[in-house]
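*Asks:* Below is the structure I would like to discuss, written out as structure tokens.
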Amino acid sequence: FLALKIANVNWQFKLNKAAHHTSDYSSTEAILRRGQAFNITLNLQTTVQSGDNFTFIASTGPSPAESQQTKAIFNLSEEGPSGWSATQEPSEPGCMNFTIFSPANAVIGRYKLKLQIVCGNKVSSMLLGQFVLLFNPWCPNDDVYMANEKERWEYVLNDSGIIFQGLEKYIQQEAWNYGQFEEDILDISLAILDRSLNHRQDPAVDVSNRNNPVYVSRVISAMVNSNDEKGVVEGKWNGKYCSGTNPLQWSGSVTILRKWYRGRYKPVRYGQCWVFAGVMCTVLRSLGIPTRVITNFNSAHDRNINLSIDKYIDISGRTLHLTEDSVWNFHVWNESWFIRRDLGSFYDGWQVLDATPQERSKGIYQCGPASTRAIKEGDVNLDYDSSFVFAAVNADYVTWIHYSNKRKERIYSDTRKIGKFISTKAVGTNSRVDITANYKYPEGSLKERQVYKKALKLLGVRSTGKRTKITRPRRPSSVAWRQNMTQPAQKPSISGKLILDASPVIGQDILLTLALRNLISDFKTVKVKLRASAILYTRKPKAEILQLSRSVKLGSEEVKEISFKISYSQYKNSLMDDRKILVTAVCETKQGASLLVEKDIVLQDPSLTIKVLGPTAVDKAVNVQVTFTNPLSEVVTDCVLRAEGSGLLREQLRINVARMAPMESSTVQFEIIPYKSGIRQLQVDLVCIHFSDIKGFVMLDVAPA
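For the sequence shown, my numbering begins at 5 and goes up steadily by one.
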């Protein structure tokens with residue numbers, strides 16, 4: 005017995021990684037999925053016939069215990085109470101082969117595997133090595149099981165993607181490098197769990213809860229923002245980012261996660277919603293939880309969760325900050341796929357998680373998992389935070405005019421504005437899939453009304469003055485009507501619309517037309533107060549650009565068009581990096597009717613073209629040529645071209661672009677040596693202080709070596 009000497013342990017990396025779908029991880033460690041067998045071989049210096057007196061011990065966390073399911077002790081051929089088991093397989097002389105099974109509900113994380121041998125009254129034990137155990141979407145008994153192979157490829161194994169941004173009428177694609185298999189990323193994801201408040205308070209209990217995706221995903225949603233426990237990303241929404249990185253300049257999660265890890269867990273500055281969601285997607289995919297990124301257009305941030313977002317303006321159309329509520333042009337969150345043992349099988353499937361620090365939940369900034377089924381059915385009392393997400397997609401948008409004498413009038417209530425074009429990337433392609441129907445019944449349908457009323461009741465919101473009949477103009481999206489609340493609704497007497505003459509590009513003037521129509525057969529004079537402000541995507545006005553007043557005479561049922569322009573010189577110093585402008589027109593008649601017309605404008609980036617000069621294959625160098633144009637009629641200096649892409653560049657590449665003359669085109673060439681095969685995303689980003697980033701990406705099909 006004492007002569008049993010193990011020369012080495014062969015963890016059968018290639019075989020196990022292929023079987024466990026972990027070949028993509030850039031790690032020298034054994035990375036395995038729970039609920040599935042793996043093989044190890046002991047190469048011996050002495051011969052042993054059988055391992056009948058062998059006992060295996062698998063343990064994880066700082067204080068492993070069988071009672072906490074963080075330690076499993078199991079013998080050959082019999083499944084212990086832990087659900088772990090081992091069998092001996094036929095082998096060549098001088099070695100022993102074992103197959104080890106972990107249960108489908110095992111705690112995930114880094115394990116030690118020990119072998120203990122009992123002979124008479126002597127016990128000897130030796131460490132066979134370490135391995136990392138992950139969630140297993142391929143295993144039917146795992147809570148994260150996903151039956152469809154194409155979906156598993158997209159939501160677990162795809163390391164790049166698309167995050168949708170912009171406006172409901174101008175949806176843009178932004179590429180994002182998730183990079184969940186890149187070097188250190190899995191270690192960083194495990195470190196995130198170990199840095200959480202729960203782990204600091206009670207490490208043993210925290211680790212024992214890591215068998216549950218509901219628990220793990222909620223902890224990650226708190227840890228991705230820096231608000232409570234020095235998490236990964238610090239949020240900032242005021243347009244000044246000199247002490248960090250402008251959120252628009254990130255192109256992926258890898259740089260951010262490494263910066264946090266290498267910088268001794270100092271929060272990375274700065275993020276906004278898509279950054280939090282991109283990072284969370286990386287961490288959850290790396291741990292084996294199927295996850296995707298979701299964009300909700302016209303997303304409500306309903307602070308008091310009364311399902312009403314009130315917007316106040318003065319008579320000149322200026323937004324007044326009389327409420328904490330807001331409607332963001334878009335908001336980005338995540339969905340992860342798992343079952344809800346805590347709620348019942350009706351609520352299984354996609355669960356909403358939101359790492360953007362908007363509101364506290366149970367004392368800390370975390371949100372979810374909230375079942376999309378619960379949100380659709382108005383079950384706003386269910387864990388976790390389903391009421392907050394319900395409001396984000398369903399609140400009413402109510403516009404008030406606030407007069408100087410403190411009198412306020414509700415001029416319009418829009419029940420359809422909030423929660424539009426809820427979007428995610430398609431499985432297998434970069435196109436947009438609309439998943440609004442997963443969140444709500446068709447707008448205006450009887451079922452949607454019933455769900456809304458049920459939610460109000462569960463939230464204890466009195467529905468007086470809510471969703472009462474309010475006269476609607478024909479174009480609810482762009483027009484708000486004054487409503488005299490004491491008398492029956494007035495018939496609108498004028499209607500209006502703001503029309504953009506051409507799709508504006510940064511550096512050019514913006515040409516707009518306000519079309520006013522007299523709806524009745526009298527003559528009237530309309531006073532128009534027009535205002536343009538630079539806004540962030542949260543629709544918070546940051547800088548005034550333009551104000552003007554006009555008087556317009558309208559004959560019986562006449563239509564008149566007023567043209568005006570916002571010149572580049574007027575907006576160039578006010579424009580935020582979001583490149584968004586909000587134009588409002590308040591139109592008043594002598595008869596006392598007020599009309600508010602609004603339009604959100606996004607200035608387009610000039611394009612950037614990427615050419616890959618030759619076929620791409622693993623370990624073969626290939627040149628990439630990038631061409632871009634200075635969009636401004638002035639000289640720009642000190643631009644930087646950045647490139648990144650998992651499987652293509654191990655670290656972000658930076659190239660200085662010294663000087664570009666007005667409207668000049670420039671070409672930069674660099675080399676990449678792909679190190680992973682398959683479909684890869686190469687992202688290129690021109691960063692410059694004179695205008696916001698110009699981004700582009702290209703998909704490459706890399707051949708194996």
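Using N, Cα and C, we set each Cβ at its ideal position, and we do this for glycine too. Nothing here was measured: the structure is a model prediction, and the numbers come from that model.
Contact between the region 197-205 and the region 85-99 is defined here as three or more beta-carbon pairs at a separation below 8 Å; is this criterion met?
*Replies:* At 8 Å Cβ cutoff, the stretches do not touch.
*Asks:* Is it the case that the Cβ atoms of V606 and G170 are separated by a distance below 8 Å?
*Replies:* For V606 and G170, yes; Cβs fall inside 8 Å.
*Asks:* Give the straight-line distance between the Cα atoms of T720 and I77, rounded to the nearest whole angstrom.
*Replies:* Past the edges of the chain, shown from 5 to 709, lies residue 720, and the structure says nothing about it.
*Asks:* Pick out the complete alpha helix (DSSP H) segments inside the region 362-435, 4 residues or longer, and give them in chain order.
*Replies:* Taking only runs of at least 4 residues, the alpha helix (DSSP H) segments lying wholly in the region 362-435 are 376-381 and 390-398.
*Asks:* Go ahead and pull the three-state DSSP assignment for K240.
*Replies:* Here K240 sits in coil by DSSP.
*Asks:* If we count the other Cβ atoms within 10 Å of its Cβ and call it buried at 16 or more, is T517 buried or exposed?
*Replies:* The residue is exposed, with fewer than 16 neighbouring Cβ atoms inside 10 Å.
*Asks:* Start and end of the beta strand (DSSP E) containing G500?
*Replies:* Segment I498 to L504, the beta strand (DSSP E) holding G500.
*Asks:* Quick check on DSSP: helix, strand or coil for S225?
*Replies:* Three-state DSSP puts S225 in a helix.
*Asks:* With a threshold of 8 Å, are at least 3 pairs of Cβ atoms found where one atom belongs to the region 309-329 and the other to the region 207-224?
*Replies:* They do not touch, by the three-pair rule.
*Asks:* Just the C-alpha distance for A662 and Q629, rounded to the nearest angstrom, thanks.
*Replies:* Roughly 17 Å separates the two Cα atoms.
*Asks:* For I379, I'd like the list of residues in its chain whose CB is within less than 8 Å of its CB, leaving aside the five on either flank, ordered along the chain.
*Replies:* Closer than 8 Å at Cβ, skipping near neighbours: V356, S390, V393, F394, V397, Y443 and K444.
*Asks:* Hey, quick one: how far does the beta strand (DSSP E) through P207 stretch, first residue to last?
*Replies:* Counting along the chain, P207 falls outside any beta strand (DSSP E), though it belongs to the alpha helix (DSSP H) covering P207 to S212.
*Asks:* Under 8 Å: do the region 36-51 and the region 9-24 share three or more Cβ pairs, one atom per stretch?
*Replies:* Yes: the two stretches touch, three or more of their Cβ pairs being nearer than 8 Å.
*Asks:* Can you give me the C-alpha to C-alpha distance between I570 and L550, rounded to a whole angstrom?
*Replies:* Near 7 Å, if we compare the C-alpha coordinates of L550 and I570.
*Asks:* Which class does V706 belong to by DSSP, given the choice of helix, strand or coil?
*Replies:* DSSP places V706 in strand when its eight states are reduced to three.
*Asks:* Can you check which of these residues, I112, G235 and V287, is closest to G267 by C-alpha distance?
*Replies:* Measuring from the Cα of G267, the nearest candidate turns out to be G235.
*Asks:* Sorted by chain position, which residues of the same chain lie with C-beta nearer than 7 Å to T203's C-beta, five sequence neighbours on each side aside?
*Replies:* First, the amino acid is wrong: residue 203 is His here, not Thr. L197 and D210.
*Asks:* Taking its Cβ as the centre, do 16 or more other Cβ atoms sit within 10 Å of E561, making it buried, or is it exposed?
*Replies:* That one is exposed.
*Asks:* With 16 as the cutoff for other CB atoms within 10 Å, does D705 come out buried or exposed?
*Replies:* Exposed.
*Asks:* Just the Cα atoms here: how many angstroms apart are V740 and V509?
*Replies:* No information on residue 740 is available, as it lies outside the stretch 5 to 709 that the chain covers here.
*Asks:* On a Cα-Cα basis, can you pick out the residue from N434, D329 and E381 that is closest to F350?
*Replies:* Nearest of N434, D329 and E381 to F350, Cα basis: E381.
*Asks:* Going along the chain, which residues of its own chain have a beta-carbon closer than 7 Å to the beta-carbon of D329, five neighbours each way excluded?
*Replies:* The answer, listed in chain order, is H305, D306, R307, I313 and D314.
*Asks:* Would you kindly work out how many angstroms separate the C-alpha atoms of K528 and V688, rounded to a whole number?
*Replies:* Approximately 55 Å between the Cα atoms of the pair.
*Asks:* What runs of the beta strand (DSSP E), each 3 residues or longer, lie entirely inside the region 19-74?
*Replies:* Runs found: 34-37, 41-48 and 58-64.
*Asks:* Taking buried to mean at least 16 other C-beta atoms within 10 Å of its own C-beta, is E548 buried or exposed?
*Replies:* Burial call: exposed.
*Asks:* What is the DSSP secondary structure of F632, counted as helix, strand or coil?
*Replies:* Reduced to three states, the DSSP call for F632 is strand.
*Asks:* To which residues does DSSP link H325 through a beta bridge?
*Replies:* Answer is none; H325 lacks a bridge partner.
*Asks:* Going by DSSP, name the residue or residues bridged to A589.
*Replies:* A589 is bridged to L534 and V601.
*Asks:* Enumerate in chain order the residues of its own chain whose CB-to-CB distance from E710 is below 8 Å, with the five nearest sequence positions on each side excluded.
*Replies:* In the structure as shown, the chain starts at 5 and stops at 709, and residue 710 therefore has no counterpart that could be examined.
*Asks:* Buried or exposed, going by whether 16 or more other CB atoms sit within 10 Å of the CB of G165?
*Replies:* Buried, since its Cβ has 16 or more Cβ neighbours within 10 Å.
*Asks:* Any idea what DSSP makes of C277, helix, strand or coil?
*Replies:* C277 falls in the helix class under three-state DSSP.
*Asks:* Comparing alpha-carbon positions, which option in R114, I35 and Q40 lies nearest G65?
*Replies:* If we check each option's Cα against that of G65, R114 comes out closest.
*Asks:* Check whether the region 118-136 touches the region 79-90, taking contact to mean three or more Cβ pairs, one atom from each stretch, closer than 8 Å.
*Replies:* Result no; under three Cβ-Cβ pairs closer than 8 Å.
*Asks:* Closer than 6 Å by C-beta to K424: which residues in its own chain qualify, once you throw out the five before and the five after it? Chain order, please.
*Replies:* For K424, where only same-chain residues beyond five positions count, the Cβ hits under 6 Å are E172, F301 and N302.
*Asks:* Looking at the strands, I want to know which residues DSSP matches up with L171.
*Replies:* DSSP, once it has assigned bridges, lists Y174 as partnering L171.
*Asks:* Between which two residues does the beta strand (DSSP E) containing I676 stretch?
*Replies:* S669 to I676 is the span of the beta strand (DSSP E), which, as asked, contains I676.
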